[in-house]
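What follows is one structure encoded as structure tokens, with my remarks underneath.
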Amino acid sequence: MTRVFIQLLICVLFVIGALPAALRMGFAIFQNPNKAWDIAKAMDDLLNVLCNGKPRQWVSTRAAQARQEGQRWGCVLCKLLDRVDAGHCDRALVDAKQNLKE
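Going from the sequence shown to the numbering used here is simple: count from 1 and add 45.
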């Protein structure tokens, strides 16, 4: 019962904290781009874990692997990512850190 309570508490704190985190990133984009980049990487990691991915695995790497397996969500997400940054998913398969260069 204690574990369930802690998980529910974390969920509530996450919902409450999402807006301030987004606002902090918005301000950081203009005031401290390196901090904004750190926040974006943390959000990417969190999003991946929330979607049943592994910790410290980038969403683009997971999407590229799903695309290779023919999973629709991977194909769609890679298509969107490639519109913003051509070859993003392909680079994520070779070396995910290539996409982290500033």
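Beta carbons: idealized from backbone N, C-alpha and C, even for Gly.
For residue i, the three-state DSSP class (helix, strand or coil)
i, result
"Gln102", "coil"
"Ala63", "helix"
"Trp83", "The displayed chain sequence assigns Asp, not Trp, to residue 83. Reduced to three states, the DSSP call for Asp83 is helix."
"Asn93", "helix"
"Asp135", "helix"
Near the ligand FMN: residue i beta-carbon under 6 Å from a heavy atom
i, result
"Asp90", "The ligand FMN is not part of the structure shown, which contains no ligands of any sort."
Cβ neighbours of residue i in the same chain (closer than 7 Å, five flanking residues each side left out)
i, result
"Trp118", "Ala111"
"Lys80", "Ala73"
Best match in the options for proximity to residue i [C-alpha to C-alpha]
i, options, result
"Ala109", "Cys134, Lys86 and Asp89", "Cys134"
"Thr106", "Val121, Leu64 and Val139", "Val139"
"Met70", "Leu92, Asp83, Lys124 and Val60", "Asp83"
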